[in-house]
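Undergrad: If you read the protein sequences in the order shown, they are chains A and B.
Using full-length UniProt numbering, count along the first sequence one by one with no gaps and you end on 448.
Using full-length UniProt numbering, count along the second sequence one by one with no gaps and you end on 486.
Cβ coordinates follow ideal geometry from the N, Cα and C atoms, glycine included.
The model shown is predicted, which means the values in this text are computed figures rather than measured ones.
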Amino acid sequence: MKHRYLPMTEEDKKVMLETIGVNSVEELFSDIPESVRFQGEYNIKAAKPETALMKELMQMSEKNADLKKYTNFLGAGVYDHYQPIIVDHVISRSEFYTAYTPYQPEISQGELQAIFEFQTMICELTGMDVANASMYDGGTAIAEAAMLSAGHTRRKKVLVSSALHPETKEVVKTYAKGQYIEVIEVPHQNGVTDVEALKELMTDEIAAVIVQYPNFFGRIEPLKELEPIIHEKNALFVVSSNPLSLGALTPPGKFGADIVAGDAQPFGIPAGFGGPHCGYFTVTNKLLRKVPGRLIGQTVDEQGRRGFVLTLQAREQHIRRDKATSNICSNQALLALAAAVAMTALGKKGVNEMAVANIQKANYAKNLFKENGFTVAFDGASFNEFIVQLNKPIKQINQDLLKKGIIGGYDLGRDFPELENHMLIAVTELRTKKEIDTLVKELGDYHA
Amino acid sequence: MHNQDQALIFEISKPGRVGYSLPEMDVPTVELEQLLPEGYIREEAPELPEVFELDIMRHYTALSNRNHGIDSGFYPLGSCTMKYNPKINENVARFAGFAHIHPLQDESSVQGALELMYDLQEHLIEITGMDQVTLQSAAGAHGEWTGLMMIRAYHEANGDTNRTKVIVPDSAHGTNPASATVAGFETITVKSNEHGLVDLEDLRRVVGEDTAALMLTNPNTLGLFEENILEMAEIVHSAGGKLYYDGANLNAVLSKARPGDMGFDVVHLNLHKTFTGPHGGGGPGSGPVGVKADLIPFLPKPLVTKRGEEFVLDYDRPQSIGRVKPYYGNFGINVRAYTYIRSMGPDGLKAVTEYAVLNANYMMRRLAPHFDLPFDRHCKHEFVLSGRRQKKLGVRTLDIAKRLLDFGYHPPTIYFPLNVEECIMIEPTETESKETLDGFIDKMIQIAREAEENPEIVQEAPHSTVVGRLDETLAARKPVLRYQKQ
């Protein structure tokens with residue numbers, strides 16, 4: 001067996017077997033009972049040489065309609081944004097991507113410092129005290145927030161806004177089942193969490209209220225009004241937030257949120273068919289020791305030189321084992337690095353400029369739809385998404401749009417029966433006026 | 001490595017510099033005050049750095065120089081399978097048709113992606129000997145929890161609601177009990193015997209009507225194959241429990257033994273270990289879960305299936321535990337793993353395990369005279385040494401690990417598993433040459449000699465890294481978790 005990843009020669013093998021004191025490699029497997037031994041080789045596809053495999057997989061990838069070739073108006077939690085070219089150059093450095101968790105800080109200062117900087121930037125954007133080293137994604141980060149809240153308050157009910165991302169909602173429900181937590185939905189009113197309904201649902205048994213800002217419909221939730229209702233019952237105020245939007249919007253930390261979490265995908269991370277993305281998780285100082293996942297902290301070495309380490313590990317699974325409140329034992333380090341590079345490239349000015357560009361372009365598109373007689377559902381202050389009512393099933397319309405090189409918006413009827421034939425349209429800073437005008441024109445036939 | 005303080009990106013920030021190139025604003029704009037409600041327009045800008053492109057590249061290049069990856073040097077970190085990360089994987093994962101597709105696009109426009117996922121599932125089904133696989137779990141620990149949630153749903157569907165306990169060996173990774181807790185179970189520990197294997201008598205004692213599952217890694221975290229696996233399966237199954245396989249160590253048994261044939265009902269794999277999705281500095285991973293037929297109804301939804309010639313996402317799964325993650329898992333890592341499997345083929349995967357095990361046994365035999373070998377038998381892909389001989393000389397395993405840094409090696413896993421004193425856990429993997437193994441062994445022998453002749457040099461290591469040993473107590477006592485402008 002000769003393979004470019006496998007260095008052993010026959011001569012090496014011979015010397016090594018002699019050192020071990022066996023005659024064959026097979027002898028080393030003699031402890032596996034015959035009855036469970038797998039005989040022969042797997043019935044899988046034969047190995048392909050490098051060039052041929054590249055070609056085959058390139059052809060497979062070309063069966064997909066990608067966002068580089070198509071004009072994309074689909075968002076719903078995953079967005080098509082400006083990705084500074086340097087991001088991929090940095091994360092392609094193999095000192096980063098072929099390393100593991102920085103268990104040996106002396107030879108992992110690069111990773112540790114980069115994540116420390118990531119934590120700082122996430123704190124700055126969210127207006128929170130503490131950010132962890134990242135989570136799998138926004139959905140599981142919010143589920144962890146629900147679990148943290150239940151553990152912290154010793155209560156077993158969580159309220160989620162019906163305007164929370166439907167897939168996040170589903171993930172929260174799956175995690176909640178594991179922890180015997182009841183998940184109750186708060187209805188929305190014209191696309192934002194219904195404040196009166198929330199008041200009625202709030203009791204002393206509620207561990208947390210989870211809302212999304214901007215929410216799944218693109219709307220700006222009234223965080224200021226929600227906060228006192230939640231805290232009056234000593235529940236935790238959890239906000240799922242698109243961190244890019246916080247370049248222009250008042251951060252949830254300013255409104256008294258206890259936990260702000262979400263996905264940093266808008267910062268330099270490709271849509272990638274849904275993953276890997278980069279969950280982030282932030283809390284107030286009060287909840288510092290309840291944070292799931294890894295934390296990077298600053299310290300000094302024996303000579304007083306600044307350095308960074310994994311810290312407060314007493315919270316984590318490898319120490320607490322069955323007493324752990326979260327089982328996460330990794331982070332999305334490489335994607336956190338990607339997000340940090342993108343946030344660095346954008347910087348203080350760029351993050352605001354990019355967020356505002358989303359608001360402006362989406363607003364232009366929304367008005368153009370209205371001017372052309374379309375009905376915009378849940379119209380109101382929004383970030384980069386809005387809803388247009390059409391006259392046919394969205395799935396069908398999207399299949400038509402694909403033929404014209406356009407990836408249409410999200411079919412809200414999938415999750416909200418009352419929103420059948422409603423399309424959630426995302427307009428990011430990447431969409432040009434011409435592309436927006438074309439979309440409005442192409443949808444002209446589907447006028448509701 | 002450069003022995004100087006590395007500025008934080010915030011410390012080289014200068015107002016007026018930019019590092020971005022945003023698209024043109026080609027639509028008419030309006031005052032933000034007209035678009036957002038009062039109080040919702042950010043007043044205080046976030047303190048992100050203001051730097052230009054070359055400074056950004058120099059900053060991150062400097063950071064990368066302060067980091068050790070597999071491409072930098074040998075990385076025998078036990079239990080983590082730090083094998084070579086093939087470069088073709090990176091190229092394929094960056095094809096626009098894989099990297100830049102949206103998870104909510106119409107299925108007809110992502111047939112290539114669904115085909116890859118489907119074919120990866122089929123390959124993993126064959127490799128594990130299971131009946132179906134989901135790719136939705138994001139990492140090993142996430143896969144464990146997914147598997148346990150399915151086991152819980154299975155028992156509940158049978159009206160078997162008193163199965164509240166999950167049994168794990170004392171050598172288990174900390175995620176096993178933590179995952180059990182998060183899935184709503186109580187953890188019971190089963191002891192290991194003097195051979196480092198699960199004590200069957202103790203297993204019989206702890207198994208009962210309340211047993212939901214036994215979680216097992218095979219070979220176990222000591223690198224030893226649980227020879228009595230079929231008997232263990234029998235004990236657990238006859239009590240009505242399920243057998244869970246932690247696939248952390250699958251690199252040891254490719255083409256040699258399949259979890260499905262060993263009696264396991266649920267398996268999770270770590271595609272970032274055995275199947276070379278890179279570790280990324282601590283993530284992302286990918287933790288697919290395989291199940292036997294009776295657990296298929298409980299798999300997370302959606303599941304990629306084939307309808308005629310078309311690949312589809314099947315949401316019609318009424319008994320599913322639900323979603324464990326938005327969308328369909330860490331697709332980018334799955335693309336890399338698929339590329340790897342297709343690069344190796346059946347004979348390649350067989351060779352992987354044979355060389356991984358050969359390398360581990362060779363290292364173990366060469367190091368055995370110099371360190372204590374708690375379990376003297378053939379190991380699989382990794383082995384454990386004990387540093388208790390050196391400890392008596394005042395040199396702890398931690399010191400040995402730090403001394404290895406001076407020689408450009410990433411140290412082995414230390415102080416795990418917990419049931420071996422001063423544990424040193426070494427996993428060479430199959431992608432390392434004999435010369436690399438010999439170089440590392442020579443240094444380990446040198447360190448053992450230094451422990452006897454010149455212990456200070458080991459105790460005070462490392463001597464050549466950009467920072468020395470860091471004060472972890474200070475970090476935990478006075479947490480500084482972010483930069484604050486002075």
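Where does N218/B sit, in a helix, a strand or coil, going by DSSP?
TA: Position 218 of the second sequence, counted from the first residue, corresponds to residue 218/B. Coil, per DSSP.
Undergrad: Quick one: give me the first and last residue of the beta strand (DSSP E) that C423/B is part of.
TA: Taking the second sequence and counting its residues from 1, one reaches residue 423/B at position 423. Residues 423-426.
Undergrad: Straight-line CA distance for residue 489/B to K48/A?
TA: Residue coverage of chain B in this structure runs from 1 to 486, which leaves residue 489/B outside it and unanswerable.
Undergrad: Checking contacts by CB at 7 Å: is N85/B closer than that to chain A?
TA: For this step, residue 85/B is matched to residue 85 along the second sequence. Yes, its Cβ sits closer than 7 Å to a Cβ of chain A.
Undergrad: Measuring CB to CB, does I394/A end up less than 7 Å from L74/A?
TA: As a first step, residue 394/A must be located in the first sequence, where it is residue number 394. As a first step, residue 74/A must be located in the first sequence, where it is residue number 74. No, Cβ-Cβ distance for I394/A and L74/A is not below 7 Å.
Undergrad: Could you tell me if A7/B is buried or exposed, where buried requires 16 or more neighbouring beta carbons within 10 angstroms of its beta carbon?
TA: Looking up residue 7/B in the second sequence gives position 7. Exposed is the call here.
Undergrad: Any chance the region 65-82 of chain A sits against the region 90-109 of chain B, with 3 or more Cβ pairs inside 8 Å?
TA: These segments touch.
Undergrad: Mind listing the chain A neighbours of A343/B? Cutoff is C-beta to C-beta under 8 Å, in chain order.
TA: As a working mapping, residue 343/B is identified with position 343 in the second sequence. Reading the sequence as shown, one finds Ser at residue 343/B and not Ala. Those are Y5, A47, K48, E50, L53, listed as they occur along chain A.
Undergrad: Would you verify that the beta carbon of P428/B is, or is not, closer than 7 Å to some beta carbon of chain A?
TA: For the purposes of this step, residue 428/B is taken as residue 428 along the second sequence, with counting starting at 1. For P428/B, the answer is no, since every Cβ of chain A falls outside 7 Å of its Cβ.
Undergrad: Reducing DSSP to helix, strand and coil, say where H2/B ends up.
TA: Counting from 1 along the second sequence, the entry for residue 2/B is found at position 2. The predicted position of H2/B is uncertain, since its pLDDT is 47 and thus under 50; a value taken from the coordinates is nonetheless stated next. Reduced to three states, the DSSP call for H2/B is coil.
Undergrad: R469/B to V300/A, Cα distance in whole Å?
TA: Looking up residue 469/B in the second sequence gives position 469. Looking up residue 300/A in the first sequence gives position 300. Distance between the alpha carbons of R469/B and V300/A is about 8 Å.
Undergrad: Could you tell me which residues DSSP puts in a beta bridge with I259/A?
TA: Looking up residue 259/A in the first sequence gives position 259. Paired residue(s): V238/A, V283/A.
Undergrad: Give the straight-line distance between the Cα atoms of T438/A and G112/B, rounded to the nearest whole angstrom.
TA: Here the question's residue 438/A lines up with position 438 in the first sequence. Here the question's residue 112/B lines up with position 112 in the second sequence. The alpha-carbon atoms of T438/A and G112/B are separated by roughly 28 Å.
Undergrad: Closest to R42/B by C-alpha separation, out of M354/A, T344/A, L246/A, would be which residue?
TA: One-based indexing of the second sequence puts residue 42/B at position 42. When each option's Cα is compared against that of R42/B, the closest is L246/A.
Undergrad: Is the beta carbon of F275/B less than 7 Å from the beta carbon of A337/B?
TA: Numbered from 1 along the second sequence, position 275 holds the residue referred to as residue 275/B. Numbered from 1 along the second sequence, position 337 holds the residue referred to as residue 337/B. In contact: F275/B and A337/B (Cβ atoms closer than 7 Å).
Undergrad: Mind pulling the chain A residues with CB within less than 7 Å of E53/B?
TA: Within the second sequence, the letter at position 53 stands for residue 53/B. Under the 7 Å cutoff, chain A gives I86.
Undergrad: Taking the beta strand (DSSP E) that T187/B falls in, what are its first and last residues?
TA: Residue numbering aside, residue 187/B sits at position 187 when the second sequence is read from its first letter. Run containing T187/B: 186-190, per the beta strand (DSSP E) assignment.
Undergrad: Please tell me whether residue 512/B and Y82/A are closer than 7 Å, where the distance is taken between their beta carbons.
TA: The requested residue 512/B is not part of the displayed model; chain B covers only 1 to 486.
Undergrad: Can you have a look at Y40/B and say buried or exposed, based on whether 16 or more other CB atoms are within 10 angstroms of its CB?
TA: Position 40 of the second sequence holds residue 40/B. Under this definition Y40/B is a buried residue.
Undergrad: Are the region 250-259 of chain A and the region 322-331 of chain A touching, with three or more C-beta to C-beta distances below 8 Å?
TA: No, because fewer than three Cβ pairs between the region 250-259 of chain A and the region 322-331 of chain A fall closer than 8 Å, the two stretches do not touch.
Undergrad: With DSSP run on the structure shown, which of helix, strand or coil describes M121/A?
TA: Within the first sequence, residue 121/A is the residue found at index 121, counting from 1. DSSP places M121/A in helix when its eight states are reduced to three.
Undergrad: Pick from V36/A, A163/A, V25/A, G77/A: whose alpha carbon is nearest that of C278/A?
TA: By one-based count along the first sequence, residue 278/A stands at place 278. When each option's Cα is compared against that of C278/A, the closest is G77/A.
Undergrad: Residues of the region 244-271 of chain B in Cβ contact with chain A at a cutoff of 9 Å, in chain order, please.
TA: Going along the region 244-271 of chain B in chain order, one finds V253, L254, S255, K256, A257, R258, D261, M262, G263 with a Cβ nearer than 9 Å to chain A.
Undergrad: With the cut-off set at 7 Å, would you say I426/B and P76/B are in Cβ contact?
TA: The residue given as residue 426/B occupies position 426 in the second sequence. The residue given as residue 76/B occupies position 76 in the second sequence. Yes, they are a contact pair.
Undergrad: Start and end of the beta strand (DSSP E) containing residue 513/B?
TA: The structure shown does not extend to residue 513/B, since chain B spans only 1 to 486, so no value can be given for it.
Undergrad: The beta strand (DSSP E) spanning M423/A covers which residue range?
TA: Counting from one through the first sequence, the residue named residue 423/A turns up at place 423. Per DSSP, M423/A belongs to the beta strand (DSSP E) from 422-426.
Undergrad: Which residues in the same chain have their Cβ closer than 7 Å to the Cβ of A339/A, if we skip the five residues on either side of it in sequence?
TA: Mapped onto the first sequence, residue 339/A falls at position 339. F118, A264, F267, G268, I269, C278, listed in sequence order.
Undergrad: Closer than 7 Å, CB to CB, is Q396/A near chain B or not?
TA: Position 396 of the first sequence holds residue 396/A. Judged by the 7 Å Cβ criterion, Q396/A is not in contact with chain B.
Undergrad: Between the Cα of E453/B and those of P479/B, G394/B, L398/B, spot the shortest distance and give me the residue it belongs to.
TA: Against the second sequence, residue 453/B aligns to sequence position 453. Selected option, being the one with the closest Cα: G394/B.
Undergrad: Whose Cβ in chain A lies nearer than 8 Å to the Cβ of T397/B?
TA: Your numbering for residue 397/B matches position 397 in the second sequence. Neighbours of T397/B on chain A: none; closest Cβ ~13 Å, over 8 Å.
Undergrad: With three or more C-beta pairs closer than 8 Å as the rule, is the region 89-109 of chain A touching the region 80-98 of chain B?
TA: Contact holds: three or more Cβ-Cβ distances are below 8 Å.
Undergrad: So N330/B contacts chain A; which residues on that side make the cut at Cβ distance below 7 Å?
TA: Position 330 of the second sequence holds residue 330/B. Under the 7 Å cutoff, chain A gives G275, P276.
Undergrad: For T339/B, count the other beta carbons within 10 Å of its own beta carbon; 16 or more makes it buried, fewer makes it exposed. Which is it?
TA: Position 339 of the second sequence, counted from the start, is the residue given in the question as residue 339/B. Buried.
Undergrad: Using 8 Å as the threshold, is the region 285-304 of chain B in touch with the region 130-138 of chain B, meaning 3 or more CB pairs across them?
TA: With a cut-off of 8 Å, the region 130-138 of chain B and the region 285-304 of chain B count as touching, because enough Cβ pairs lie within range.
Undergrad: Using the Cα positions of N251/B and Q332/A, report the straight-line distance between them to the nearest angstrom.
TA: Start at 1 with the first residue of the second sequence, and residue 251/B comes out as number 251. Start at 1 with the first residue of the first sequence, and residue 332/A comes out as number 332. Their backbone Cα atoms lie some 23 Å apart in a straight line.
Undergrad: Check N215/A in the structure and name its three-state DSSP category.
TA: By one-based count along the first sequence, residue 215/A stands at place 215. In the structure shown, N215/A sits in coil (DSSP, three-state: anything other than H, G, I, E or B).
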